[in-house]
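K.L.:
So that we are looking at the same thing, I have put the structure below in structure tokens.
There are 2 protein chains.
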Amino acid sequence: MAKSQGILTNMGVDYVVVFRFASTDKEKAEQRFQQLAKALATVGLATEVRNGENHSLLVFVKVASEEHMFGEIYRSRVRDWMHGVRSAAPEKEVKQSLEREPLTEAERLRIIHQLMTNPVVEGGAGITPKKGEWENVESIFALHDHTYNKQWIKKWSTQYLLTSEDLDEIRNRLGEKIAFYFAFTQSYFTFLAVPAALGLGAWLFLGANSPIFAIFAGIWCIVFVEYWKHEEADLAVRWGVRGVSNIETKRKDFKHEKEVTDPVTGETQYVFSPTERLKRQLLQGPFIILSVILLGTLIATAFGIEIFISEVYNGPLKSVLVFLPTVLLTTGLPLLNGILTKIATQISEYENYETDSAYEKSMTRKIFVLNFITSYLPVLLTAFVYVPFGALIVPYLDVFSLTVKPFAEDDKQLESPPTSAWTINPSRLRKQVIYFTVTAQIVNLAMEVIVPYLKRQGFMKFKEMQSKRAQKNGGARPSVSIDDVPEEKEFLYRIRSEAELDVYDVTTDLREMVLQFGYLALFSVVWPLVPVSFLVNNWIELRADAIKICVEMQRPTPWRADTIGPWLESLSFLSWLGSITMAALVYLYSDDGVGPDGSPHAIKGWALLLSIFFSEHLYLFLRWAIAFAISKIDSPGRQKERKDRFAVRQKYFQESLDQTHRLPPISEKADQITRASLEEEARTGSLHASTPEGRFWARQRHWTESAQVGAGLIARAATEAAEGESKKEL
Amino acid sequence: MAKSQGILTNMGVDYVVVFRFASTDKEKAEQRFQQLAKALATVGLATEVRNGENHSLLVFVKVASEEHMFGEIYRSRVRDWMHGVRSAAPEKEVKQSLEREPLTEAERLRIIHQLMTNPVVEGGAGITPKKGEWENVESIFALHDHTYNKQWIKKWSTQYLLTSEDLDEIRNRLGEKIAFYFAFTQSYFTFLAVPAALGLGAWLFLGANSPIFAIFAGIWCIVFVEYWKHEEADLAVRWGVRGVSNIETKRKDFKHEKEVTDPVTGETQYVFSPTERLKRQLLQGPFIILSVILLGTLIATAFGIEIFISEVYNGPLKSVLVFLPTVLLTTGLPLLNGILTKIATQISEYENYETDSAYEKSMTRKIFVLNFITSYLPVLLTAFVYVPFGALIVPYLDVFSLTVKPFAEDDKQLESPPTSAWTINPSRLRKQVIYFTVTAQIVNLAMEVIVPYLKRQGFMKFKEMQSKRAQKNGGARPSVSIDDVPEEKEFLYRIRSEAELDVYDVTTDLREMVLQFGYLALFSVVWPLVPVSFLVNNWIELRADAIKICVEMQRPTPWRADTIGPWLESLSFLSWLGSITMAALVYLYSDDGVGPDGSPHAIKGWALLLSIFFSEHLYLFLRWAIAFAISKIDSPGRQKERKDRFAVRQKYFQESLDQTHRLPPISEKADQITRASLEEEARTGSLHASTPEGRFWARQRHWTESAQVGAGLIARAATEAAEGESKKEL
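Protein sequences, first through last, are from chains A and B. Residue numbers are given in our numbering: position 349 of the first sequence equals residue 429, and the series is strictly consecutive. Residue numbers are given in our numbering: position 424 of the second sequence equals residue 504, and the series is strictly consecutive.
And the structure:
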């Protein structure tokens, strides 16, 4: 099938609404569909309906009434202005102001999306996909611009560094939230060049676990995190979204405790007591403990079994049993993670946040805890349990031999070698770090791009075969495309497959980057080539994400953001924790990377703790100093902000110019007094002269009199002084 | 002399300007005085000149031209509005808005002060006391309101707790900056009740160095500091000064590197490169090292001598030599402090800050370093050097015996007792803490209130005697009051003595409180009655400070502030450091308060460091959690802020109501389409019908058509499904 034409045109469609009625009875579905069509028309959107896959309708939507969109733009800008995102109040004439600063594609799509999803009282159609009366509305998505996408991917894959224009382009197309992810990854990628060079040098000349590399890596982490905070604020200004995160959208699931009518404003407020919420938030404690226990036990067990089998066990089936821990982890971890994520969601919902952003923040924190345990615990176990205490712990691993008993041919096979003969595997830590920072990253990349592609290809093949078989069996189910007008066929084929795609979630990609940063901050000293690996990986990652968005996902709705959000906290936390782990690793392993031989006798507790104490406080001091220094750096964004502020000030001053003109000019006033108002003053003066105050102020009528009196007093004092001196001389 | 009348009236005087011409020749003085009188008249102030003490003139100033003051009020309010201090733009008609919210006394005085000191271009008289052409202007001060002062002191001395109305009253009289000091001290005093009760309990039942008390004291420190941050913001809103610290006044000594004309705004900017300043700020490092070395050496030497003489030395003149360290400290410390403060001032000036607040902040930080060393180093030396390492160090103190040699009668006296015989003095630490937290506080209070009083009394006596002698010797120098009109005599006598008073500096008092808090945060575990002592002390301190301001100082100019400024950082720092010292003290001294016996063998380094590590991280976690919890507390100030914001929003919406009305109402629009515009649409539709897009959108003209098509598709799918099922059944 030649896709050229159907791929190139979007038919002027702004959004597609997928209406699925598979599980709804006919009357209800018809009624609900009518409601949807009417709601869309109410806010000035034109609709076209076509058949979709699997009992669904595709509703194509475009703007018909400019007035409604202008209304929404105006509302959006007033809101921006009130929250300080815009420095000047929006022009009353939206059409004029639009002509001066035209909408970007992202803005246009965001505003149309708001038009559909905002509550009716705020002027929207109030469509809430998958919820309540709108449960048949499966999704709302915009159409990919394939011409642009092709160009985009081609450009990026031939260019070494992304420029700020590239980021602006993403912002204009996909909105600030996604642009912030790319800006962050690009900034991280650029910064990686420094530790990559250092790491290469350290690897060549210093070897592993060099304190010099650890210090530089730590400083680099601080500089990167603090610089990103700075750059983030700068980008937010450049993209005109600074403070956008203060514009809170009410969460639809928020349940209020009581309604309070504010006596002053008369506004009805839906209140949920913050102390009650604080109490509920205390549940996060048990949640973290539960996560640590569940995930920790699983990981530690798998870890123990692995060591037992690979290093101690010599019995039968070793070649098979070696895979046991991998099987345990690959089945157990997703299971536990699923359960814990469900619990996290329930706790976050129970915490009953008023706004979407607060909910998301709380959820992100919980997910970070889970990710932290699964990502870093294995390495932490090797570095701080297996190597220093291995000789003490490994003998206890004999318990696992019980599970192998059934397979044993004779008892001798089960006897573990004497502890004295067993030695820890000194390269284990390095191998593990390499696994997590190279192998796992590559696997991850493949999972992200190649697997979904194969899945989709397979799915399409399957569907094709299915429909062929159906046709053979008597054509009971005609293809959904049977009614398509020929000239729309290709276009509709494309849209139907876009409707089946996943929704892109930028936080997943951000999380991946933050976790990657964690390996660098926590463990890079073990194998200084970690940043080199990440540098290569992230070059590909940036392009792969672009391809993912273009090919494997529905076009994301362009949301605004002025920060990467709660992940910033995670970055700070990881770099802080790095100052502890790096110091501990350097102390434990600085003797040519082998570390203690499995018995903790050689470790001096006070020296270990002292190096941690020293490192952590050095970290905190440097962070303070670097943050201070970076805050002094000027940037185009900040300059722009100052200019805008100046413009507003100037405008206001001009407006109130007549007021200041009405005030008498300063210098003339003084002259006025001199000439005209003396007599007047004398007259009013005599009125007051009956009181001591009146008489006090009446003695010197004008500043010239004051000056004369003063001169007289000065002159007298001078004479007196002269007299006094002459007297003394006598 | 009966003072009643002269004390009660202020003659309507707003400010007194002291013009001193002692060291200026006659012509220049006359010319400069004329300039002063003219400048004051230019900004609408009336003047009266009287003779002052010691070659000075007293220029009495009051507002003559309301217009000028209104102009200044308007400017001040516009500035406030632009910096977000006021939520609404100021009314154009100042008189009207003044009638609605009248000026407080503090506001009035502040604005008149600004009228005199603001640069000429900003509408002020540009008077800069003691600087440049205004070097003869010695001071500008307002007059005490003795009636009110008497009432104030009487009220406070009979009332146990200060209410928020009392603080409001201070704010209305003395301005927000001083009110913040009193609010802070009052808040600190109230909070002290908790650790005082705990401390009493710990002293009775737990003894010294109890970990339980240490934990509670640490938590208390966090809660207090975080709560104060919260309350501070709240007070700032209540007093209408939130964000006032963003209104930067240019520093007069700022030297710009270059002038830059901004291409957009056309404003000439005087720039000093921030990187150059950063370089200069690096000097703070050497400064801190120098301070530690100089002050540290002096204190450690005095400390060593003290121990040597009181505990080791048994030779001649012991009773005299005991005072040697005290003499050393009381002469050396002020000397060194003076030198270091001078260096600090020079560094701060060299750092060349653009604004007064930045300069003050930098200076405060440096002063804090000096104060930190002199206040806490002696105790730190005892706790962490003398007690644990005493037995190792004390033998080396023999070097001091060389200095005593000349006094020795025979060599035997100089022989120190064998080290084995010497034992550390276990009560030394406790005694030292008691000295700093009780004795020193009382001494301080006395120095602050009683000594200046005596000094002033003595000075007045001396002057009286002098003038009597002068009269006896022929009356060469007539009293300055000889020309006074009888009815002004008492008044002028009072003003002349007020002119001689010191200028009140609120940061000195604040610093005292912060340093006091430091003892509590760092060492209170040694002697749990520390907070009890502070509770008593601060009750008196609050009243003593009120008396000090009323009696011993010129009436302070009422400046605004929205925070206690950089001292807040110091509080956080001290409570953080407390988490380290308290843990160390508890570990070292928990065996019935005696601690190690002078030899460090009993101290386990890892245990000490582990307790510090644990305590510090518990502290950081708790601080984060407590700050989070406190941030959720609602308060009247925050409610007020929300209300104000709502009012502004409402006002804006009402203003732009006509704009939203011009937009077609949402529901009607849909009807309009239904009835009238169908044909019109059909016509324009056929115009587009030549393109595929046009034909695509022309298929369903109206939402009702879309709904019909959709219903048809739904119905067909339902039929198909039914057919499919029936087929299967067959």
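Quick reminder that beta carbons are idealized off the backbone N, C-alpha and C, glycines included.
Could you check what DSSP says for K335 of chain B in three-state terms: helix, strand or coil?
P.N.:
Position 255 of the second sequence, counted from the first residue, corresponds to residue 335 of chain B. Of the three classes helix, strand and coil, the one that applies to K335 of chain B here is coil, per DSSP.
K.L.:
From the DSSP output, which residues share a beta bridge with K330 of chain B?
P.N.:
Numbered from its first residue, the second sequence carries residue 330 of chain B at position 250. Answer is B:T435, bridged to K330 of chain B.
K.L.:
Roughly how many angstroms separate the alpha carbons of F260 of chain B and K335 of chain B, rounded to a whole number?
P.N.:
Position 180 of the second sequence, counted from the start, is the residue given in the question as residue 260 of chain B. Position 255 of the second sequence, counted from the start, is the residue given in the question as residue 335 of chain B. Taking the straight line from one Cα to the other gives about 32 Å.
K.L.:
Measure from the C-beta of Q114 of chain B to each C-beta in chain A and report whether the shortest distance is under 8 Å.
P.N.:
In the second sequence, the residue the question calls residue 114 of chain B occupies position 34. Yes, Q114 of chain B lies at the interface with chain A (some Cβ there is under 8 Å from its Cβ).
K.L.:
Considering N131 of chain A, what are the terminal residues of the beta strand (DSSP E) in which it resides?
P.N.:
As a first step, residue 131 of chain A is located in the first sequence; it is residue number 51 there, counting from the start. Run containing N131 of chain A: 125-132, per the beta strand (DSSP E) assignment.
K.L.:
Give the straight-line distance between the Cα atoms of T377 of chain A and I419 of chain A, rounded to the nearest whole angstrom.
P.N.:
Within the first sequence, the letter at position 297 stands for residue 377 of chain A. Within the first sequence, the letter at position 339 stands for residue 419 of chain A. Cα-Cα distance, rounded: 15 Å.
K.L.:
Quick check on DSSP: helix, strand or coil for K684 of chain A?
P.N.:
If you number the first sequence from 1, residue 684 of chain A lands on position 604. Looking at K684 of chain A - three-state DSSP - the assignment turns out to be coil, as it is neither helix nor strand.
K.L.:
Just checking my contact of V317 of chain A with K720 of chain A at CB under 8 Å: how many whole Å lie between their CB atoms?
P.N.:
As a working mapping, residue 317 of chain A is identified with position 237 in the first sequence. As a working mapping, residue 720 of chain A is identified with position 640 in the first sequence. Yes, they are in contact, since the Cβ atoms of V317 of chain A and K720 of chain A sit about 6 Å apart, within 8 Å.
K.L.:
Does any residue of chain B have a CB that is nearer than 8 Å to the CB of S786 of chain A?
P.N.:
Taking the first residue of the first sequence as position 1, residue 786 of chain A is located at position 706. Interface residue, yes.
K.L.:
From which residue to which residue does the alpha helix (DSSP H) around F293 of chain B run?
P.N.:
The residue you call residue 293 of chain B lines up with position 213 of the second sequence. Start and end: 291-318.
K.L.:
Could you name the residues of the same chain whose beta carbon sits closer than 8 Å to that of I453 of chain A, not counting the 5 residues immediately before and after it, in chain order?
P.N.:
Against the first sequence, residue 453 of chain A aligns to sequence position 373. Hits under 8 Å: S371, V372, L375, G376, I379.
K.L.:
To the nearest angstrom, how far is it from the Cα of D564 of chain B to the Cα of P638 of chain B?
P.N.:
The residue labelled residue 564 of chain B in the question sits at position 484 within the second sequence. The residue labelled residue 638 of chain B in the question sits at position 558 within the second sequence. Roughly 30 Å between the two C-alpha positions.
K.L.:
For R536 of chain B and R623 of chain B, I'd like the C-alpha separation in whole angstroms.
P.N.:
Indexing the second sequence from 1 puts residue 536 of chain B at position 456. Indexing the second sequence from 1 puts residue 623 of chain B at position 543. For R536 of chain B and R623 of chain B, the distance between alpha carbons rounds to 20 Å.
K.L.:
Here's the rule I'm using: 16 or more other beta-carbon atoms within 10 Å means buried, otherwise exposed. How should W232 of chain A be labelled?
P.N.:
Translated into positions along the first sequence, residue 232 of chain A becomes position 152. Per the 10 Å Cβ criterion, buried.
K.L.:
Should N136 of chain B and F113 of chain B be called a contact, given that it needs their Cβ atoms to be closer than 8 Å?
P.N.:
Counting from 1 along the second sequence, the entry for residue 136 of chain B is found at position 56. Counting from 1 along the second sequence, the entry for residue 113 of chain B is found at position 33. For the sequence presented, residue 136 of chain B should be read as Ser rather than Asn. The answer is no: Cβ separation not under 8 Å.
K.L.:
Report the partner residues of M633 of chain B according to the DSSP bridge assignment.
P.N.:
In the second sequence, counting from the first residue as 1, residue 633 of chain B sits at position 553. B:D582, per the DSSP bridge assignment.
K.L.:
Go ahead and label V340 of chain B buried or exposed: buried means 16 or more other beta carbons lie within 10 angstroms of its beta carbon, across all protein chains shown.
P.N.:
Looking up residue 340 of chain B in the second sequence gives position 260. Exposed, by the Cβ-count rule.
K.L.:
List, in chain order, every chain B residue whose beta-carbon is nearer than 8 Å to that of A791 of chain A.
P.N.:
Here residue 791 of chain A refers to the residue found at position 711 of the first sequence. Within chain B, the residues near A791 of chain A are E110, F113, Q114.
K.L.:
Quick one: which chain A residues come within Cβ less than 7 Å of A664 of chain B?
P.N.:
The count along the second sequence starts at 1 and reaches residue 664 of chain B at position 584. In chain order: nothing, as chain A lies at least about 11 Å away.
K.L.:
In this structure, how does DSSP classify E218 of chain B when only helix, strand and coil are distinguished?
P.N.:
The residue labelled residue 218 of chain B in the question sits at position 138 within the second sequence. DSSP places E218 of chain B in strand when its eight states are reduced to three.
K.L.:
To which residues of the same chain is R718 of chain A closer than 7 Å at the C-beta, ignoring the five residues directly before and after it?
P.N.:
Here the question's residue 718 of chain A lines up with position 638 in the first sequence. Result list for R718 of chain A: D314, V317, in chain order.
K.L.:
Spatial neighbours of P608 of chain A within its chain, please: C-beta separation below 6 Å, excluding the five flanking residues on both sides.
P.N.:
On the first sequence, position 528 is the one that residue 608 of chain A refers to. Excluding sequence neighbours, P608 of chain A sits near G279, A282, W283, F293.
K.L.:
Would you say the stretch 215-227 of chain A touches the stretch 572-583 of chain A, given that touching needs at least three Cβ pairs under 8 Å?
P.N.:
With a cut-off of 8 Å, the stretch 572-583 of chain A and the stretch 215-227 of chain A count as touching, because enough Cβ pairs lie within range.
K.L.:
Tell whether a beta-carbon distance below 8 Å holds between V525 of chain B and N617 of chain B.
P.N.:
What you label residue 525 of chain B is simply residue 445 of the second sequence in a count that begins at 1. What you label residue 617 of chain B is simply residue 537 of the second sequence in a count that begins at 1. Note on residue identity: the sequence assigns Leu, not Val, to residue 525 of chain B. Contact: yes.
K.L.:
I'd like to know if G717 of chain A contacts chain B, where contact means its C-beta is closer than 8 Å to some C-beta of that chain.
P.N.:
For the purposes of this step, residue 717 of chain A is taken as the residue at position 637 of the first sequence. Cβ-Cβ to chain B under 8 Å: no for G717 of chain A.
K.L.:
Assign T519 of chain B to one of two classes, buried (16 or more other C-beta atoms within 10 Å of its C-beta) or exposed (fewer than that).
P.N.:
To locate residue 519 of chain B, count along the second sequence from 1; it is residue 439. That one is exposed.
K.L.:
State the CB to CB distance for the pair V594 of chain B and S650 of chain B, rounded to an integer number of angstroms; the pair is presumed to be in contact (CB under 8 Å).
P.N.:
On the second sequence, residue 594 of chain B is found 514 positions in, with the first residue counted as 1. On the second sequence, residue 650 of chain B is found 570 positions in, with the first residue counted as 1. About 5 Å; that satisfies the 8 Å criterion.
K.L.:
Excluding the 5 residues preceding and the 5 following A579 of chain A in the sequence, name in chain order all residues of the same chain whose CB lies nearer than 8 Å to its CB.
P.N.:
As a working mapping, residue 579 of chain A is identified with position 499 in the first sequence. If we look at A579 of chain A and ignore the five residues flanking it on each side, its Cβ neighbours are V96, V98, G132, E133, S136, L138, S219, F221, Q634.
K.L.:
Output needed in chain order: residues of the stretch 348-380 of chain B with a Cβ under 7 Å from some Cβ in chain A.
P.N.:
Those residues of the stretch 348-380 of chain B that come within reach of chain A (Cβ to Cβ, closer than 7 Å) are P354, L358.
K.L.:
Please report the residue range of the alpha helix (DSSP H) in which F101 of chain A lies.
P.N.:
Along the first sequence, one-based indexing puts residue 101 of chain A at 21. Counting along the chain, F101 of chain A falls outside any alpha helix (DSSP H), and DSSP gives it neither H nor E.
K.L.:
DSSP three-state label for Y240 of chain B, please.
P.N.:
The residue labelled residue 240 of chain B in the question sits at position 160 within the second sequence. Coil, per DSSP.
K.L.:
Cα separation between E748 of chain B and L120 of chain A?
P.N.:
For the purposes of this step, residue 748 of chain B is taken as the residue at position 668 of the second sequence. For the purposes of this step, residue 120 of chain A is taken as the residue at position 40 of the first sequence. Note that E748 of chain B scores a pLDDT of 42, beneath 50, so its modelled location is shaky; the value from the coordinates is reported in the next line. So the two alpha carbons sit approximately 14 Å from each other.
K.L.:
Tell me whether Y261 of chain A sits in a helix, a strand or coil according to DSSP, three-state version.
P.N.:
As a working note, residue 261 of chain A is residue 181 in the first sequence. Three-state DSSP puts Y261 of chain A in a helix.
K.L.:
Is R166 of chain B close to chain A? Criterion is C-beta to C-beta, closer than 8 Å.
P.N.:
Position 86 of the second sequence, counted from the first residue, corresponds to residue 166 of chain B. Closer than 8 Å: no.
K.L.:
Report yes if the CB atom of W686 of chain B is closer than 8 Å to the CB atom of W686 of chain A, and no otherwise.
P.N.:
In the second sequence, the residue the question calls residue 686 of chain B occupies position 606. In the first sequence, the residue the question calls residue 686 of chain A occupies position 606. Yes, the pair counts as a contact, with Cβ atoms nearer than the cut-off.
K.L.:
List, in order along the chain, the chain B residues whose C-beta lies closer than 7 Å to that of W783 of chain A?
P.N.:
For the purposes of this step, residue 783 of chain A is taken as the residue at position 703 of the first sequence. A117, K118, L120, A121, T127, listed in chain order.
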